[in-house]
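Final position of the sequence shown in the UniProt record's numbering is 372; the numbers increase by one with none missing. We put the CB at the ideal spot given by N, CA and C, even for glycine. Note that this is a predicted model, so its numbers are computed, not measured. Only one structure is covered here, and it is reproduced in the block below.
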Amino acid sequence: MRIGITCYPSHGGSGVVATELGKLMAERGHQVHFISYDMPFRLGRFYHNVHYHEVEANRYAVFRFPPYDLALANRMAQVAKIHQLDLIHVHYAVPHALCAYLAKKMVGDSLKVVTTLHGTDITVLGEDPSLKDIICFGINHSDAVTAVSDDLVRQTRELFCVDKQLTRIYNFVDPRVYQPLDVSDIRSEYAATEEKLLLHISNFRAVKRTTDVIRIFEKVQQEVAARLILVGEGPEWSRTVQMVKELGLESRVMFLGKQDEVARLISLADLLLLPSSKESFGLVALEAMACGVPTVGSNAGGLPEVVVHGETGYLAEIGDTEAMAAQAVRLLSDPVLYRRFSENGVRLARERFSAEKIAGQYEDLYRQVIGK
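Here you go:
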């Protein structure tokens, strides 16, 4: 098959999933064409059967803002015609599904559109009345629509007048990359032998509740010798730094900024903290599970579909930092319990969320959509 993929090429989970999916499809012999304003950050080297097509918006003076949406639709149509694409798989309803719809109208109905909903395009943008109708239009005019969790399927149906079938296809993890890794050569750079390492990775948006991460850690380190690694940047970064200073934790908290390859960083950790208020799936929790690192987080959105409470991690109500801290201390203080959670997580990641299994589900969907 000849597959076009459009996603946001940044560090968000949707961009990670879209890029990794494209690489998997290329491995399976399909021709993959990424169409976006920048090279996806996980696509930094040559991959056989993978092509990248840059989108440049016209900066004509009469435009107050460069019309990226129209430029994207036009580029999609160009690539589809030149390379005879069978379908375009877009990640996010807005603007990508709308752009793909326009491209399809330019090219013809032989070009199919698959839209994957990742979360904020539904749970955040869906709350904006000025966007609700157009999001609904993009979903209903796609040839197939997937969502990354059952909870996101439910929310989409509750928020929108959707008459399309919504297929749940989970996010995935590649066990060739995410597995328990030996990082003994570098762990001493981050913590002493007797100290535990806690980890949080996000884009530091308000929904990630990074200040809750600090509150949880502040309580944990009173009971267990520990340090905290924070990976990522975003709007809440400054506020998080300020809280660390106010609580006198500067010597115990490390800010590492954005990191492209996080498998080794995750393997350094003993525990992942993910106290989000919204989490349509929780890709970083899955990546941690695959590396044998349990998660303590919130009972939000699709996260309970990834983290099995009491088996691969613990979940508490949103904002209950006392409960999350107590759960973290319990796990970090009980080696037998910790080992069981760690082993359960690795096994579940491989059985339910393996890249090979999920890629097969997308491949089946593509064939169904294009009639092969």
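Would you mind reading off the limits of the alpha helix (DSSP H) that contains residue 246?
For the purposes of this step, residue 246 is taken as the residue at position 246 of the sequence shown. Counting along the chain, the alpha helix (DSSP H) containing residue 246 begins and ends at 237-246.
Whose CA, out of 233, 89 and 227, lies closest to the CA of residue 12?
As a working mapping, residue 12 is identified with position 12 in the sequence shown. A check of alpha carbon separations from residue 12 across 233, 89 and 227 identifies 233 as the nearest.
Among 86, 285, 110 and 165, which one has its Cα closest to the Cα of residue 346?
Position 346 of the sequence shown holds residue 346. Nearest option by C-alpha distance: 285.
Where DSSP assigns a beta bridge to residue 295, which residues make up the other side?
To locate residue 295, count along the sequence shown from 1; it is residue 295. Residue 295 pairs with 272 and 313.
Would you report the Cα separation of residue 302 and residue 334, rounded to the nearest angstrom?
Position 302 of the sequence shown, counted from the start, is the residue given in the question as residue 302. Position 334 of the sequence shown, counted from the start, is the residue given in the question as residue 334. Their Cα atoms are separated by approximately 28 Å.
So the candidates are 35, 9 and 48; which of them puts its Cα closest to the Cα of residue 28?
Residue mapping note: residue 28 aligns to position 28 of the sequence shown, counting from 1. Among 35, 9 and 48, the Cα nearest to that of residue 28 belongs to 48.
Note the first and the last residue of the continuous beta strand (DSSP E) segment covering residue 4.
The count along the sequence shown starts at 1 and reaches residue 4 at position 4. Element bounds for residue 4: 2-6.
Based on Cα-Cα distance, which residue from 309, 183, 278 and 291 lies nearest to residue 319?
Counted from its first residue, the sequence shown places residue 319 at position 319. Nearest option by C-alpha distance: 278.
How would you write the range of the beta strand (DSSP E) that residue 115 sits in, first residue to last?
Along the sequence shown, one-based indexing puts residue 115 at 115. Taken as a continuous stretch (DSSP letters only), the beta strand (DSSP E) holding residue 115 covers 112-117.
Taking residue 263 as the reference, which of 19, 115, 180 and 172 has the closest Cα?
Here the question's residue 263 lines up with position 263 in the sequence shown. Comparing Cα-Cα distances from residue 263 to each of 19, 115, 180 and 172, the minimum goes to 180.
Would you mind giving the Cβ-Cβ distance between residue 51 and residue 33, rounded to the nearest angstrom? I have them listed as a contact below 8 Å.
Translated into positions along the sequence shown, residue 51 becomes position 51. Translated into positions along the sequence shown, residue 33 becomes position 33. With a Cβ gap of about 5 Å, residue 51 and residue 33 count as contacting.
For residue 262, name the three-state secondary structure that DSSP assigns.
Position 262 of the sequence shown, counted from the start, is the residue given in the question as residue 262. In the structure shown, residue 262 sits in coil (DSSP, three-state: anything other than H, G, I, E or B).
How about residue 75 and residue 55: are their beta carbons less than 8 Å apart?
Along the sequence shown, read from residue 1 onward, the residue named residue 75 stands at position 75. Along the sequence shown, read from residue 1 onward, the residue named residue 55 stands at position 55. Yes. Within cutoff.
For residue 46, is the classification buried or exposed, using 16 other Cβ atoms within 10 angstroms of its Cβ as the cut-off for buried?
For the purposes of this step, residue 46 is taken as the residue at position 46 of the sequence shown. Classification of residue 46: exposed, given that the 10 Å Cβ count is below 16.
Run the CB neighbour count on residue 161, radius 10 Å, all protein chains shown included, and call it buried at 16 or more, exposed below.
As a position in the sequence shown, residue 161 is number 161, starting the count at 1. Taking every protein chain shown into account, the CB of residue 161 has fewer than 16 other CB atoms within 10 angstroms, so this residue is exposed.
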